[in-house]
Amino acid sequence: METKMNHPLQKYFRGAINYTTCPGCGNGIISQAILWAIEELAMDFNKFAFVSGIGCSGWIPSPSYNTDVLHVTHGRAIAFATGLKLATPDMKVIVTAGDGDTSAIGGNHFIHACRRNIGLTMICVNNQIYGMTGGQVAPSTPYDSKTTTTPYGSIERPFDLSQIAISAGATMVARWTTFQARQLRKSIAKAILHPGFSFIEVISQCPVQYGKVIGKRNDAVDMLMDYKNRSISIKKARELSSDELKNKIIVGEFIENKEIPELTQEIKRLRKEALSRCQK
Amino acid sequence: MTNNSKIHKTDFLQGNIACAEGAIMAGCKFFAGYPITPASEIAHHLSKRMFEVDGTFIQTEDEIAAVANIIGASWGGAKSMTATSGPGISLMQENIGLAVATETPCVIINVQRGAPSTGSPSVHLQGDILQSKFGSQGDYQVIALAPASPQEMFDFTIKAFNLAEQFRTPVFILSDSLVGHMREKVAFPLQEELVISERKKLDHYQGIHQKIFLDEDVAPMPIFGKGLKANITGSTHKEDGFRNVSDPKIMDHAIKKLTNKILKHKKEIIEINEYETDDAEVVIFSYGLTSRAVLETVRKARRSGIKVGSFRPITVWPFPEEEVEKLSRKVKIIIVCENNLGQLFPFVKSAACEHCKVISLPPKILGTLYDPEEIFEKAKEVI
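Going down the list, the protein sequences come from chains H and A. For the first sequence, the tail end lands on 465 under the numbering used here, and the numbers increase by one without skipping. For the second sequence, the tail end lands on 399 under the numbering used here, and the numbers increase by one without skipping.
This is how it looks when you write it as structure tokens:
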């Protein structure tokens, strides 16, 4: 007899779970980490809104998540999410974005959201390449990588997205790879509860496009094992020299500061001040 | 109530400030903007006033973010607005297209300045008329109103919010640096005179295929945070918001429904001011600030016994094609006066078909006021 089993996260989906990503994509691991974090927190999914841009990461929430989802232009998800959060400060607004979304076309919005410390959670899927458009070099692609637009090898140094977030003033920053799915889930849960701007970078495999660049074409398992071997915790990394850290992926929770005022709270303060001045 | 309370409150206001106050009166609760001459006074004023009315003001990192912010806020249920000039509109275009495609009510003030490029920030030009209609990719419709005075900056801003709410679409105010910066008397409406529209909202969740888009009579909007499970995308979608980017039939349907949502309601949207057109042989077509010089010309011509009239669209977009066609059947000549090299001229000519002659008369020096005399001379010459 055939038994029909429902996925334990089915209730979070708008109809059938129907992801259109390539086999082996890291999106599924990240999507589960987000939803398991919400499940663990036992929070009302209706109080969450997801905003995403263009690129494979945009399709993590859109249209799949069965809550309010806004799928917008490339690179601008944070800017739309900022307006939404300011208008609905009680909502938990989560942005999913890619590395190109975050650090190329949307770099300006990214650093300013960090600076403003607006209470958004940003989950950045860093697959180190432009996947959807055909494997072009990204600002996060390692030096000397051969991509579809760098046939001689890339000559620009990559960004460290988590370090940018820290420098720009984000008050919670963590990085994991898709191999550390449990740690990722825990950090996402923390980020959701964090009052200010939280940035979670996930190094995620794109076996189709980036796999090709590093000689692991269509081999997601090999890419995950590579993440496992190269990951080093931030605690351990602090004791090592830059030479020893070469080729390593530093993972962990980098900063968490709940003291800096959050933007929507600051706006509430301004309204009170403006009102009391009016009454005088 | 005493009779005194029926008297309109008046103030001597700059156009940009009148616009900001009009926005507040219309119920605007969210303003996002980036500094730019000659629109900045709107932001200055609202940076103080928004908080007094329990609203939000944010100065964004650029104009791309400003328009993205107001779209996001609109989905959060707030009436929202941004104000900029041509260079800012250029940056906003991609997201304006998203506002059209996702049927997001919002108001965009363009205090036009000298162009192209950086141009002349404090020179008034009507240079962005086509930009506001055709600047984003694809076929789409917008609504745009052209004010000529601080009073109209106030009144049209309220009207812009009302149209945005009624038709779930971005609405432009096409002002210019002179209208934005001039100071004149502005009369505020009495509470009972004020007409304020509110968007049709989805009141309860109706399942994953609930119809929230692509209704020519405007679908209800699922405001975020109310458990309505809004499914919103700038990609081609169906009535329920589900994306389909491969079937041309679905794209065809989406484009036509979006376009018809505005065009089907043209009669409700379009407003024209006609002056002395009943028996006119020559009619001058103008909009915005230019229409003030035209009115003076008409009065002057009538005093000399020359039958000249004025046709002024308040609504520049959608273009009043049928109204111009009707006009062209009863006059000999239409002179198109715009403070540019003739941006609406081809539209007037096309609407007039071959019924009458249509000529373009830009001001002698672009960016300066028309001398009513130069329009008068032209009218005399062609009659």
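Where a beta carbon is used, it is the ideal one built from N, C-alpha and C, also for glycine.
Query, Result
"Cross-chain neighbours of H/H294 in chain D, by beta carbon under 7 angstroms", "Among the protein chains in the structure shown, which are H and A, there is no chain D."
"C-alpha distance - A/I23 paired with A/A203, whole-angstrom precision", "10 angstroms"
"Proximity winner among A/I278, A/P186, A/M169 and A/L179, relative to A/E200 (alpha-carbon distances)", "A/M169"
"Minimum C-alpha distance to H/T363 - residue among H/T333, H/D345 and H/I308", "H/I308"
"Counterpart residues of A/T331 in DSSP-defined beta bridges", "A/L161"
"Which listed residue (A/S251, A/A115 and A/D256) has its alpha carbon closest to that of A/P236", "A/D256"
"Residue environment, H/R261, which counts as buried when at least 16 other CB atoms sit within 10 Å", "buried"
"Own chain residues within Cβ distance below 6 angstroms of A/A36, not counting five before or after", "I58, H61 and L62"
"Assigned secondary structure, A/T100 (DSSP; H/G/I helix, E/B strand, else coil)", "strand"
"Residues near A/T18 by beta carbon distance below 6 angstroms, same chain, minus five either side", "Only weak support exists for where A/T18 lies, its pLDDT of 47 falling under 50; the coordinates are left without a value."
"Beta-ladder partner(s) of H/W244, from DSSP", "Its beta-bridge partners do not exist; DSSP assigns none."
"Beta-carbon neighbours of H/P248, restricted to chain A and to distances below 8 angstroms", "N247, T249, G257, F258 and R259"
"For A/T26, three-class secondary structure by DSSP", "strand"
"Between the CA atoms of A/S326 and H/T287 - distance to the nearest angstrom", "52 angstroms"
"Residues that DSSP places opposite A/N247 in a beta bridge", "H/V254"
"Within 9 angstroms of chain H by C-beta, residues of the segment 283-306 of chain A in sequence order", "none"
"Neighbourhood of H/S325 by C-beta distance below 7 angstroms, restricted to the same chain and skipping five residues each side", "D284, S288, N311, Q313, P343, F344 and L346"
"Contact with chain H by A/I124, beta-carbon distance below 7 angstroms", "no"
"Proximity below 7 angstroms, CB of A/L29 to CB of A/P186", "no"
"CB contact check: H/H192 to chain A, cutoff 7 angstroms", "no"
"Beta-carbon proximity of A/L190 to A/A160, cut-off 7 angstroms", "yes"
"One or two residues paired with H/G283 in a DSSP bridge", "H/V310"
"Through-space distance from H/E458 to H/I445, alpha-carbon basis", "20 angstroms"
"Where A/I74 falls: helix, strand or coil (DSSP)", "strand"
"Simplified DSSP assignment, three categories, for A/D192", "strand"
"Sequence ranges, beta strand (DSSP E) only - wholly within the segment 110-150 of chain A, length at least 3", "122-128"
"A/T72 to A/F47 span [Cα, whole Å]", "6 angstroms"
"Chain A contacts made by the segment 253-271 of chain H, where a contact means CB separation under 7 angstroms", "D253, V254, L255, H256, V257, T258, R261, A264, F265, A266, T267, G268, L269 and L271"
"In DSSP terms, what A/H253 is bridged to", "A/R259"
"Alpha-carbon spacing of A/I351 relative to H/G268, whole angstroms", "44 angstroms"
"Closest by C-alpha distance to A/E389, when choosing among A/Q142, A/C353 and A/T313", "A/T313"
"Span of the beta strand (DSSP E) around H/R360", "M357 to T362"
"Cα-Cα separation, H/P392 to A/A99", "45 angstroms"
"Interface residues of the segment 195-214 of chain H facing chain A [CB-CB below 8 angstroms]", "R199 and G200"
"Per-residue DSSP class, three states only, for A/Q153", "coil"
"Neighbour list for H/A218 in chain A, Cβ cutoff strictly below 7 angstroms", "Within 7 angstroms Cβ-Cβ: nothing; H/A218 doesn't reach chain A, min ~22 angstroms."
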